[in-house]
Each structure stands twice: as C-alpha cells, then as structure tokens.
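Some notes on the structure that comes next.
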Amino acid sequence: MKRVGLGFLARFWLLVLLVVAWELAARRAGDLYFPPPTRIVSTMRELWWSGRPSRLWLSERAVDDFVPSLSHLLLGWALAGIVGIAVGVGIGLSRIAYLVLDPVLQFGRAVPPPTLIPFFMVAFGLGTSMQLAVIVFGVVWPVLLNTAEGVRAVEPVQLDSARVFGLGGFARLWYVVLPAAGPRIFAGLRVALGFALILMVIAELMGSGDGIGSRLNAAEREFRPDQLWAGIVLLGAVGCVLNGLFLLVERKALAWHRGARRTIT
Amino acid sequence: MLEIAGLGHRYADGHQAVEGVELHVARGELVSIVGPSGCGKSTLLRCVAGLQRPSEGRIAVGGRPVDGVPDDLAVVFQDYTRSLFPWLTVRDNVALPLRRRGLARAERRAQALAALAQVGLDGTAGKYPWQLSGGMQQRVALARALAYRPALLLMDEPFGSVDAQTREDLEDLLLSVRGGTDPGGRADDGGGGMTILLVTHDIDESVYVGDRVVVLTGAPGRVHSELRVELPAPRDQIVTRGLPEFVKLRAEVGRAVRRP
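Protein sequences appear in the order of chains A and B. Each number in my numbering comes from the position in the first sequence (counting from 1) with 1 added on. Each number in my numbering comes from the position in the second sequence (counting from 1) with 68 added on.
Shown next, in the form of structure tokens:
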C-alpha cells in the first residue's frame with residue numbers, strides 16, 4: 002500500500018506542482034484570459050455537474066453536451082475498428098491484395114481527415130452522419146494498416162502448425178491469426194481512439210448543433226474564456242479516461258504477450 | 069506406411085534441395101534421417117507433411133498420395149517457442165488440434181490432460197508455454213502431437229534447442245511413448261503404434277532412438293546409405309551407448325555423413 006502511495010507521488014508530483022503554480026500565477030496576474038484552475042473547476046461544475054445526485058450530478062447541459070459527443074466518438078471508433086480489422090485481415094492474408102492495394106491505402110492514409118469535412122458537410126449535411134463519416138474515415142487507417150501488418154507478420158511456424166493440425170478457415174483465423182496479430186491490432190486501435198477524439202472535436206467545431214465542440218463555439222461567441230478553458234480541461238480528461246480504459250482492456254487481452262516478451266528477452 | 073519415390077524439390081530460386089529420394093517406412097518403425105547441414109532434411113520433411121508440394125516424385129502416406137496435409141499426421145517442430153501458441157494455455161495448446169477430430173470440448177480437454185500426463189507434465193495445464201523451460205515446452209509440443217493420435221509423426225530436429233541432459237530425457241521419453249506401452253495409451257490404433265520419422269543432425273541421437281538410420285548426402289540431398297539399428301530394447305542412455313554395436317554404428321553413420 003505504501004509503495005502504491007509512493008508510486009503515485011513519484012508520478013504525479015510535477016502535475017500537482019504545475020497546477021499549484023498556475024493557480025498562484027493566475028491569481029496574481031488577474032488576467033481574464035487565464036483564469037486560475039479553481040475558477041475553471043467551478044465553471045465546469047456550474048456547467049456540467051450541477052444536477053441532482055440521482056443523475057450522478059450531471060446537469061441537463063452535461064447530458065446535451067456529452068451524449069452526442071461521446072456516442073459519435075465511440076460509435077465512429079467502433080465502426081472504424083470493425084471495418085479496419087476486417088479489411089486489414091483480408092489484405093494481410095493475400096499477398097496480391099496487399100501489393101495491389103498498398104499504394105491506394107498509403108494515399109488514403111495520407112489525406113488529412115479534416116480536409117474531408119467540407120465535402121462530408123455537402124454530402125451528408127450537418128449532423129450525426131457527417132460526424133460519423135469524418136471519424137470513421139479518419140481513424141480507420143491505423144487500424145487497417147496495423148492489422149494488415151500484424152497478419153502478414155504471423156510466424157510461419159505457427160501457420161505451419163495450424164495447417165498440420167488441421168486448423169483451417171475460420172478456426173485458423175480465430176485461434177491463430179487474430180491472436181498473433183493482436184498486439185498490432187491493439188496498437189492500431191489505441192492510436193485510432195486518440196484520433197477519434199480529435200476528429201470529433203474538429204467536426205463539432207466546424208459545424209454542428211450539439212456536443213462539447215459546439216459548447217466551445219458558444220463560449221467563444223459569448224466571450225467566456227473560463228468556459229473555453231473548462232472545455233479544454235474536460236476534453237483532456239476525456240482523452241485520459243478513454244486511454245486509461247483502453248489500456249485496462251489491452252492489458253487483460255494481451256497479458257500473454259507481455260509475459261512472453263518478458264521471458265524471451 | 070510411408071512411400072517416397074523419386075522425390076525431388078527445386079525452390080523458385082533454383083536451389084535443388086533434394087533429388088531422387090527413395091524411402092519406404094513400415095508401420096510402427098522409427099526412422100532417423102541424418103545428413104550434413106543444408107542437405108534438404110527439412111525440405112524432405114515438409115514435403116511429407118504436405119506443407120510443400122515437391123517439384124518431382126511421389127509421396128504416399130498410408131497408401132494415399134499426399135495432397136495437402138494428411139489427416140493422421142502430426143509434426144513436432146524444432147522451434148517450440150514459435151510452434152506453440154503463446155496466447156493459449158498449455159492445455160488449450162494440446163486440445164486445440166482435437167477440434168478436427170470432432171470431439172466435444174470436455175472430451176478434448178480430457179485427452180489433452182491425458183497426453184500431458186503421458187509426457188510427465190501433470191500440473192502445468194493452466195500455465196502458458198512461455199512460463200515453462202525449453203525442455204518442458206518441447207514436451208508440450210510432443211503432447212500436442214500425441215493427443216492428436218497420428219499414424220505418422222514427423223519430428224524436425226525436435227531436441228536441437230535444449231541442453232544435453234534435457235535432450236537425453238526427451239529421447240527416452242520419445243522411446244517410451246512410441247508404440248503405446250505406457251498407461252493412458254493408444255490401444256485403439258489397430259496395433260503397430262506410431263510410425264516416426266525423425267530428422268536430426270546429431271549422429272548419436274539418430275542411432276540411439278532409431279530402428280533404422282537413413283543418411284542423406286550434401287545438397288542436393290539423396291539417400292547415401294541406410295543402416296539397420298539392431299540394439300536391444302529397452303535402450304538406456306548409459307548402457308546402450310556403451311555397447312560395441314552402438315559405437316560401431318555411430319562410426320559408420322559418422323563416416324557416411326562426412327563422405328560426400
């Protein structure tokens with residue numbers, strides 16, 4: 002228990018120190034653009050956590066802001082994950098498909114996803130489908146390319162073992178190829194999750210009636226720097242929480258990989 | 069059990085690995101294949117396993133021509149760290165191939181545990197392969213092959229990556245599990261036990277475990293000579309290796325391997 006406490010202190014002392022320093026500096030400067038952290042937190046509470054305890058203190062506004070943002074983010078990421086893994090496996094298993102499609106994929110990946118927002122706005126109008134399209138198109142690449150690489154890199158001896166012991170088709174895919182490519186697939190999904198958050202915010206900032214991004218737009222129009230800061234801190238926290246949850250799942254799913262690597266090296 | 073006639077294989081890069089190999093292996097026989105490194109031993113084995121289509125010649129296992137991996141064939145690869153699946157427990161590694169046998173899950177697990185007991189690995193079922201020593205991992209690979217109950221077992225330098233002591237233990241284990249003289253056994257295979265083809269670069273090993281030793285020439289590999297091993301059973305690491313007959317055979321095989 003003591004070691005956990007010390008570990009926490011060792012990792013977070015700088016963060017705590019910076020927040021305290023920021024608080025002191027902001028109070029002394031009294032600048033409207035740079036509110037102290039305590040003010041940001043109270044703005045956050047007033048905006049989003051002033052609801053009834055029965056609803057986890059979430060305010061009406063929190064529901065209006067969080068639900069669309071997070072649902073778009075997670076749905077887009079999940080769709081991109083499914084498509085990316087499915088197509089990536091197909092490409093990774095076929096040498097010819099890989100050779101033919103690689104240039105196409107490299108181009109697709111190189112297109113900066115935000116440049117597609119104006120097009121998607123024209124094509125889908127403002128709203129959920131546009132935002133989902135942006136997120137899916139933007140984050141499918143790391144999943145797809147990592148999956149294809151992972152599938153291509155499966156140990157030949159493992160594939161030989163699967164063939165010798167009669168694992169074909171679906172069984173080979175499920176018990177051998179996917180687990181072997183697992184570390185790469187998870188790496189792709191983690192990168193994609195970070196991208197998805199960025200693209201969610203950009204899509205909302207560029208035009209949409211709801212979500213955390215549109216709250217930032219409103220705060221800008223109403224000239225509320227404290228609310229802008231509240232949004233920044235909130236999005237940072239969302240990113241940390243999502244990444245943390247993802248790492249928990251990854252750690253569980255890839256426990257074998259960490260163990261195996263430790264013993265080999 | 070195994071018929072190889074006129075087998076030759078040339079790789080796409082023009083390298084002729086084996087040429088004109090003739091080999092007949094009777095049911096229940098354990099044949100060791102030795103030869104200088106790069107003589108195409110592994111290519112030969114891959115062709116028999118159906119992992120590679122030879123460019124010339126015919127191979128038949130149990131009277132049926134090899135076209136794809138035969139149903140009743142198992143392989144123990146040299147590189148156990150790569151041939152076992154690190155994401156599966158020891159038990160699931162052994163049980164997974166039994167899906168092909170159409171067994172229910174409980175039945176697969178029971179057979180896996182029996183095979184693990186056979187190779188002296190009780191109590192490791194819940195561990196992962198990488199938590200075991202190299203010798204134990206190769207025992208898992210052997211258990212996987214045994215649980216599958218193949219008529220023909222191919223071994224590609226199976227004990228090449230473990231230390232000398234472990235190697236001797238594994239050689240004795242192989243001798244004890246073939247033929248089904250042990251409990252947990254193989255009473256249902258119609259008699260005669262497993263046929264085993266063992267590729268090795270260790271001359272002593274080839275004589276110690278084999279009923280017959282086949283020596284291949286350097287690349288391209290051809291059958292140089294065959295020697296019948298008439299050593300008394302049961303074989304023993306100390307006693308057998310001290311017999312004049314063993315010493316004589318070892319010298320003969322050694323000369324055959326070195327002479328082109």
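Glycine included, every Cβ here is placed at the ideal spot set by N, Cα and C.
- Nearest CB-CB separation between B:Tyr276 and chain A: not below the 9 Å threshold.
- Less than 9 Å divides the Cβ of A:Gly85 from the Cβ of A:Trp142.
- The secondary-structure analysis by DSSP pairs B:Thr308 with nothing; it has no beta-bridge partner.
- Collapsing the DSSP output to three states places B:Leu75 in a strand.
- Pairing A:Val140 with A:Leu194 gives a Cβ-Cβ distance under 9 Å.
- Below the 7 Å Cβ cutoff, chain B contributes Pro154, Trp155 and Tyr196 as neighbours of A:Trp257, in chain order.
- As computed with DSSP, A:Val20 is found in no beta bridge at all.
- The Cβ neighbour count for A:Ile92, taken over all protein chains shown within 10 Å, is at least 16; the residue is labelled buried.
- For the region 157 to 190 of chain B, the set of positions with a beta-carbon nearer than 8 Å to some beta-carbon of chain A reads Leu164, Pro165, Arg167 and Arg168 in chain order.
- Judged by DSSP in its simplified three-state form, B:Val137 adopts coil rather than helix or strand.
- Each residue's CA atom was taken as its position, placing A:Phe35 and A:Gln228 some 11 Å apart.
- Counting only the Cα atoms, B:Pro226 lies some 21 Å from B:Ile306.
- Between A:Leu198 and A:Phe247, the C-beta spacing is not below 9 Å.
- By the 16-neighbour rule on beta-carbons within 10 angstroms, A:Val112 is exposed.
- Distance from A:Asp211 to A:Pro119 at the Cβ level is roughly 20 Å; contact not present, criterion being Cβ atoms closer than 8 Å.
- A:Leu100 is outside the set of residues whose beta carbon lies under 9 Å from a beta carbon in chain B.
- Of all residues in the region 123 to 141 of chain B, those with a C-beta nearer than 8 Å to a C-beta of chain A are Val137, Asp139 and Leu141, reading in chain order.
- Judged by DSSP in its simplified three-state form, A:Thr39 adopts helix.
- Rounded to whole angstroms, the separation of the alpha carbons of B:Phe145 and A:Arg110 is 40 Å.
- Closer than 9 Å to the CB of A:Glu251 there is not a single CB belonging to chain B.
- Fully enclosed alpha helix (DSSP H) runs of no fewer than 4 residues occupy 148 to 151 and 158 to 163 of the region 128 to 181 of chain B, in order along the chain.
- The distance from the Cβ of B:Leu222 to that of B:Ala117 is about 6 Å, consistent with a contact at the 8 Å cut-off.
- Two segments are said to touch when three or more pairs of C-beta atoms, one from each, lie closer than 8 Å; by this definition the region 167 to 186 of chain B touches the region 157 to 174 of chain A.
- Residue contact with chain B for A:Val152: absent (no Cβ-Cβ distance below 9 Å to any residue of chain B).
- The beta-bridge partner set that DSSP reports for B:Val102 consists of B:Val283.
- As a beta-bridge residue in DSSP terms, B:Leu91 pairs with B:Ile72.
- Short of 7 Å from the beta carbon of A:Phe224, and not among the five residues preceding or following it, lies no beta carbon of its own chain.
- Between B:Leu284 and B:Leu112, the gap from beta carbon to beta carbon is short of 9 Å.
- For a Cβ distance threshold of 8 Å, nothing in chain B lies close to A:Asp66: the least Cβ distance comes to about 40 Å.
- Within the same chain, Gln84 and Ser123 come within 6 Å of B:Arg78 by CB-CB distance, once the 5 residues on both sides are set aside.
- The DSSP-derived three-state label of B:Leu266 is strand.
- Close to chain B, meaning a Cβ-Cβ distance shorter than 9 Å, are the following residues of the region 166 to 181 of chain A: Phe166, Gly167, Leu168, Gly169, Ala172, Tyr176, Val177, Pro180 and Ala181.
- DSSP places A:Leu57 in the coil class of the three-state scheme, outside both helix and strand.
- DSSP places B:Asp237 inside the alpha helix (DSSP H), whose first and last residues are Ala232 to Val245.
- At the C-beta level, A:Ile136 and A:Ala172 stay beyond 9 Å of one another.
- The Cβ neighbour count for A:Leu15, taken over all protein chains shown within 10 Å, is under 16; the residue is labelled exposed.
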